[in-house]
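One structure is given here, and the rest of the page talks about it.
Protein chains in written order, with this note's numbering: chain A, 1 to 242; chain B, 243 to 344.
This is how it looks when you write it as structure tokens:
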């Protein structure tokens with residue numbers, strides 16, 4: 001489905017539309033899932049442990065780090081704190097999505113939050129209002145997709161040891177670009193995107209993706225200041241023209 | 243340390259963060275400034291994720307023109323307005339070809 005041409009006001013009210021919207025990303029996450037399965041096996045989680053982590057945690061980067069720490073014999077406190085920090089960006093996702101969710105009871109919203117990932121957030125972030133069915137379609141499609149590819153990685157792990165060393169970070173970038181570009185409609189969002197990307201380069205060496213949180217937060221503040229400055233200057237300009 | 247305990251702790255650490263903010267911001271009347279800030283979250287977070295993957299893929303500072311990731315991202319950006327599929331296909335195509343040549 002051509003997302004960039006959709007209405008940006010309200011998402012469609014159907015599960016299938018959500019599935020269709022996220023479908024290009026499903027293939028993109030396949031290598032991650034396979035590599036995670038192989039990696040989990042390598043770290044000693046076993047087939048049941050690896051699959052259980054995907055089923056219950058459902059957070060790609062956290063799973064990689066958690067499995068790695070487990071394999072290295074890290075303490076439970078270190079694993080908990082690291083997982084918490086890696087997922088801090090979800091506070092921004094939840095804050096952004098919460099007010100825009102339609103037709104969802106409070107208990108359903110809590111359940112929805114379990115399925116909130118980079119990909120599902122990216123899909124629904126294009127709409128000012130998100131209908132619950134649309135979210136469920138996108139989120140559950142990504143969930144089942146992740147389970148399938150994790151399982152493939154787990155059962156074929158011994159044949160895929162070379163895959164574990166591959167750098168797969170770039171795989172999702174084109175999909176995210178396709179979501180960002182149509183949202184760059186004014187100077188404010190453009191400044192926000194450029195400054196977030198630029199600041200994240202400076203802080204990308206910080207552990208546990210803290211740099212990502214700093215970059216996004218600073219970029220939003222910079223953009224709000226820019227927009228405030230522009231709007232407060234506009235009346236002066238208008239008066240000057242009178 | 244047993245696997246179920248590790249997974250249980252990770253479930254708590256992941257789910258608590260996800261659920262808290264959705265619960266906190268759902269059904270509340272927010273100020274225009276907060277709404278605008280939240281509207282900027284997708285662009286800010288996704289750009290911050292992409293930045294290092296495009297310009298510092300190895301973790302080192304490099305001239306972007308020599309990076310396959312840079313050219314693949316540029317190609318992806320050029321067709322992004324036509325939808326996600328063309329963007330993924332062209333971006334990953336350029337990336338794959340670049341990796342093969344190198």
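Built from N, CA and C at the ideal position, the CB exists for glycine as well.
A quick note: this is a predicted structure, and the numbers were derived from the prediction, not measured.
Nearest-angstrom beta carbon gap, residue j and residue i [assumed within contact, 8 Å]
| i | j | result |
| --- | --- | --- |
| residue 132 of chain A | residue 101 of chain A | 7 Å |
| residue 198 of chain A | residue 36 of chain A | That belief does not hold up - the Cβ atoms of residue 198 of chain A and residue 36 of chain A are roughly 30 Å apart, past 8 Å. |
| residue 89 of chain A | residue 209 of chain A | 7 Å |
| residue 115 of chain A | residue 58 of chain A | 7 Å |
| residue 15 of chain A | residue 137 of chain A | 4 Å |
| residue 251 of chain B | residue 79 of chain A | 6 Å |
| residue 32 of chain A | residue 171 of chain A | 7 Å |
| residue 54 of chain A | residue 87 of chain A | Not confirmed; about 15 Å, so no contact. |
| residue 261 of chain B | residue 110 of chain A | 5 Å |
Which listed residue (the options) has its alpha carbon closest to that of residue i
| i | options | result |
| --- | --- | --- |
| residue 287 of chain B | A:220, A:40 and A:64 | A:220 |
| residue 122 of chain A | A:204, A:104, A:180 and A:14 | A:180 |
| residue 93 of chain A | B:274, B:281 and B:294 | B:281 |
| residue 45 of chain A | B:326, B:328, B:247 and B:257 | B:247 |
| residue 96 of chain A | B:278, B:243 and B:257 | B:278 |
| residue 27 of chain A | A:50, A:82 and A:119 | A:119 |
| residue 203 of chain A | A:66, A:99 and A:218 | A:218 |
| residue 253 of chain B | A:76, A:39, A:13 and A:22 | A:76 |
| residue 298 of chain B | A:107, A:200 and A:73 | A:200 |
| residue 191 of chain B | A:173, A:195, A:216 and A:232 | Because chain B here runs from 243 to 344, residue 191 of chain B falls outside it and cannot be looked at. |
| residue 230 of chain A | A:191, A:106 and A:151 | A:191 |
Backbone secondary structure at residue i - three-state DSSP
| i | result |
| --- | --- |
| residue 270 of chain B | coil |
| residue 133 of chain A | helix |
| residue 254 of chain B | helix |
| residue 101 of chain A | strand |
| residue 10 of chain A | strand |
| residue 126 of chain A | coil |
| residue 182 of chain A | helix |
| residue 74 of chain A | coil |
| residue 145 of chain A | helix |
| residue 18 of chain A | helix |
| residue 113 of chain A | helix |
Contact check, residue i vs residue j, beta carbons under 8 Å
| i | j | result |
| --- | --- | --- |
| residue 185 of chain A | residue 9 of chain A | no |
| residue 302 of chain A | residue 149 of chain A | Past the boundaries of the shown model lies residue 302 of chain A; chain A is included only from 1 to 242, so the question cannot be answered. |
| residue 175 of chain A | residue 296 of chain B | no |
| residue 264 of chain B | residue 112 of chain A | yes |
| residue 135 of chain A | residue 18 of chain A | yes |
| residue 56 of chain A | residue 290 of chain B | no |
| residue 34 of chain A | residue 41 of chain A | no |
| residue 11 of chain A | residue 130 of chain A | yes |
| residue 333 of chain B | residue 214 of chain A | no |
| residue 99 of chain A | residue 270 of chain B | yes |
| residue 311 of chain B | residue 337 of chain B | yes |
| residue 84 of chain A | residue 259 of chain B | yes |
| residue 49 of chain A | residue 245 of chain B | yes |
| residue 21 of chain A | residue 157 of chain A | no |
| residue 301 of chain B | residue 196 of chain A | no |
Query raised in the report: Any chance the region 216-225 of chain A sits against the region 308-325 of chain B, with 3 or more Cβ pairs inside 8 Å?
Result: No, the region 216-225 of chain A is not in contact with the region 308-325 of chain B.
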